[in-house]
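Peer 1: Quick one: this structure, given as structure tokens, is what I'll be asking you about.
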Amino acid sequence: MDQVMALVTNAPSGGAISRRVTITGEPGDILLKPLYTGICGTDRGIIAGKLPFAYNPVGYDFLVLGHESICSVVESDVSGFKAGDLVVPMVRRPGKCLNCAAGRQDNCSDGDKHEAGITGKHGFMREQFRESSRYVVRVGDSSLSRTGVLTEPTKNVMKLFEVFSVISGRSIYPTPDYSFQGKHAWIIGTGSEGFLFSFMAREQGFDTFMTNRHSVDEGRLGIMDQFGINFVDYSRDFDTAVKDIDLLIDTSGDPTTILRFTQRVRQNGIVFLFGTNGRAPDGAMSGVMVDHLVEKNITIAGSVDGAKRHYEQAVSYISKWTHEHPRAMSALITNEEPASSVDPFKRGNSNGIKTIISWK
Ligand SMILES: [Zn+2]
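Sequential numbering of the sequence shown, starting at 1, is according to our numbering.
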């Protein structure tokens, strides 16, 4: 393949530069061009050199960044895809374990999988790349050429709610009419992933609360309002406002915060850990907390990534949400930067929700 412009790092030491790269020998029966790529905390962590598990592909002294994208097909050697189709490439490529062999590299049991832009596979922040159609998800709704960049983070949501449905089946979890009406879902964190979890909690019928340890801007409150989501600043209101949690989803990765909210989870409740922060201070679990978990049948579960069907479900829900709440979905994308600039990475702590890079 010819040289292409790419945003690259040197994993795991970090950094981010825009430069021309030549990448040969990547398997793939379709050629893709990103329209947009998204930036998330993982990208910022890699660039800052804070994620020691990141590594360059074999034979390269760099790693092309990026695992969130919405792409257009440039050319296809397989039926089912044609030039101009919208698609989203998956992040993980299977290793050799049984879960990977079954297409469930999201549940990889030995860590031998690879992740685009993170562990040993070049990512999607480049002008074009070849990809195997097996790992490409079709986006049939042509109006998703921008919000479709949220497919990758949304597939995490779809998997987590599938695991939720398995766990919640262990007791009579729903209300007597077998809906989740009147049940309370709390989502810790007000970043893009927190919003996507909250949207799905609303879809399931939960009374849904997003929470953070500070107030949030009008933009965030406006999105919550359109989806019927409540907001609680728990630095002011913890004792009175935080109670009767049936489903708790954490995107912060902070043990102390997680344990504090878990105290307010009620019988047969479920706590999902999604956010990760290896640098967070330790949180201490008390004997009272152990009693609380045991006596109330509370389950704590971790969930990461998603399978191809979760990407497909994500596309369906993004389509639904983009049509039902177009302003809110558009407002999730607070920053758009041209691919010619690597500056977006430097504004990591701005107050925005989702930054995307335009490759058009
Ligand atoms: Zn595996």
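Heads up, the beta-carbon is just placed ideally off N, CA and C, and yes, glycines get one too.
Just so we're clear, the structure is a prediction, and the values are computed from it rather than from any experiment.
Hey, would you say the C-beta of Q105 is under 8 Å away from at least one heavy atom of ligand 1?
Peer 2: Result yes, Cβ under 8 Å from ligand 1.
Peer 1: So S340 and S18 are in contact, right, with Cβ under 8 Å, and what is the actual spacing, rounded?
Peer 2: Contact flag correct, Cβ pair sits at about 7 Å.
Peer 1: Output needed for F180: all residues of its chain with C-beta closer than 7 Å, excluding positions within five of it in sequence on either side, in chain order.
Peer 2: Within the same chain, F180 has close Cβ partners P174, Q204, G205 and F206.
Peer 1: Would you decide whether D282 is buried or exposed? Buried here means 16 or more other CB atoms lie within 10 Å of its CB.
Peer 2: So D282 ends up on the exposed side.
Peer 1: Can you round the beta-carbon distance between A301 and F272 to whole angstroms, since I take them to be within the 8 Å contact cut?
Peer 2: Indeed they touch by this definition, with Cβ atoms about 6 Å apart.
Peer 1: Measuring from the CB of K319, is there a heavy atom of ligand 1 at a distance below 8 Å?
Peer 2: According to the sequence shown, residue 319 is Ser rather than Lys. No, since every heavy atom of ligand 1 falls outside the 8 Å radius drawn around the Cβ of S319.
Peer 1: Name the residue from A48, R20, F53 and E127 whose alpha carbon lies nearest to the alpha carbon of G111.
Peer 2: Out of A48, R20, F53 and E127, F53 has the C-alpha closest to the C-alpha of G111.
Peer 1: If you run the structure through DSSP and keep just helix, strand and coil, what is N230?
Peer 2: The answer is strand: DSSP assigns N230 an E or B state.
Peer 1: Name, in chain order, the residues that DSSP records as bridge partners for D207.
Peer 2: Looking at the DSSP assignment, D207 forms a beta bridge with H184.
Peer 1: Run through the DSSP bridge pairs and tell me what H114 is partnered with.
Peer 2: Paired residues: R93.
Peer 1: When the distance is taken between beta carbons, is I357 closer than 9 Å to Y36?
Peer 2: Yes, they are a contact pair.
Peer 1: Report the start-end ranges of each alpha helix (DSSP H) in the stretch 140 to 184 that is 4 residues or longer and not cut off at the edges.
Peer 2: Complete alpha helix (DSSP H) runs here, min 4: 151 to 168.
Peer 1: Considering only the beta carbon of each residue, do F345 and I39 sit closer than 9 Å?
Peer 2: Going by C-beta atoms, F345 is nearer than 9 Å to I39.
Peer 1: I'd like the list of long-range same chain contacts for E26, defined as Cβ closer than 6 Å, with 5 residues on each side in sequence excluded.
Peer 2: These residues qualify, in order along the chain: R130.
Peer 1: Under 9 Å, do R220 and T190 count as touching if we go by C-beta distance?
Peer 2: Yes.
Peer 1: How far does the beta strand (DSSP E) with T256 in it reach, from first residue to last?
Peer 2: It is not in any beta strand (DSSP E) - T256 instead sits in the alpha helix (DSSP H) that spans P255 to T262.
Peer 1: Take the Cβ of L98 as the centre, count every other Cβ of all protein chains shown within 10 Å, and call the residue buried at 16 or more, exposed below.
Peer 2: When all chains shown are included, L98 counts as exposed.
Peer 1: Taking 8 Å as the cut-off, is the C-beta of D237 nearer than that to any heavy atom in ligand 1?
Peer 2: False, no ligand heavy atom lies under 8 Å from that Cβ.
Peer 1: Thinking C-beta only, is V136 closer than 9 Å to L32?
Peer 2: Contact flag set, yes.
Peer 1: Consider the C-beta atom of S132 and the heavy atoms of ligand 1; say whether any pair is separated by less than 8 Å.
Peer 2: False, no ligand heavy atom lies under 8 Å from that Cβ.
Peer 1: Determine, using beta-carbon pairs with one atom in the stretch 283 to 296 and one in the stretch 82 to 91, whether at least three such pairs fall under 8 Å.
Peer 2: No, the stretch 283 to 296 does not touch the stretch 82 to 91.
Peer 1: Step through the CB atoms of chain D and report whether any lies within less than 9 Å of the CB of L32.
Peer 2: Of the protein chains in this structure there is only one, and it is not chain D.
Peer 1: Is there at least one non-hydrogen atom of ligand 1 closer than 8 Å to the beta-carbon of S109?
Peer 2: Yes, the beta carbon of S109 sits closer than 8 Å to at least one heavy atom of ligand 1.
Peer 1: From the DSSP secondary-structure annotation, give me the bridge partner or partners of I298.
Peer 2: Note: I298 sits in no beta bridge, so no partner.
Peer 1: Ligand 1 and K159: does any heavy atom of the ligand fall closer than 8 Å to the residue's C-beta?
Peer 2: Flag unset: Cβ of K159 not near ligand 1.
Peer 1: Evaluate contact between the stretch 118 to 127 and the stretch 307 to 314, counting only Cβ atoms and requiring at least three cross-stretch pairs below 8 Å.
Peer 2: Short answer: they don't touch.
Peer 1: Judging by CA-CA distance, which residue of R309, E337, I298 and V304 is the nearest neighbour of A102?
Peer 2: For the residues R309, E337, I298 and V304, the minimum Cα distance to A102 belongs to R309.
Peer 1: Take H114 and list the residues in its own chain whose beta-carbon comes closer than 6 Å to its own, dropping the five residues that flank it on each side.
Peer 2: Within the same chain, H114 has close Cβ partners R93, G120 and K121.
Peer 1: Quick check on DSSP: helix, strand or coil for G41?
Peer 2: Helix.
Peer 1: Count the other CB atoms, across all protein chains shown, that sit within 10 Å of the CB of K82; report buried if there are 16 or more and exposed otherwise.
Peer 2: It counts as exposed.
Peer 1: Closer than 8 Å: is that where the CB of G95 sits relative to any heavy atom of ligand 1?
Peer 2: Yes.
Peer 1: Using the C-alpha atoms, what's the distance from D233 back to V216?
Peer 2: Their Cα atoms are separated by approximately 8 Å.
Peer 1: Near T355, what residues of its chain come up, given a Cβ to Cβ distance below 6 Å and the 5 sequence neighbours on each side ignored?
Peer 2: Result list for T355: I39, N335 and P344, in chain order.
Peer 1: Taking its Cβ as the centre, do 16 or more other Cβ atoms sit within 10 Å of H67, making it buried, or is it exposed?
Peer 2: Answer is buried; the Cβ neighbour count reaches 16.
Peer 1: Assign K155 to buried or exposed, taking buried as 16 or more other Cβ atoms, counted over all protein chains shown, within 10 Å of its Cβ.
Peer 2: K155 is buried by the Cβ-count criterion.
Peer 1: Around the C-beta of H184, are 16 or more other C-beta atoms found within 10 angstroms, so that it is buried, or is it exposed?
Peer 2: By the neighbour-count rule (16 or more Cβ atoms within 10 Å), H184 is buried.
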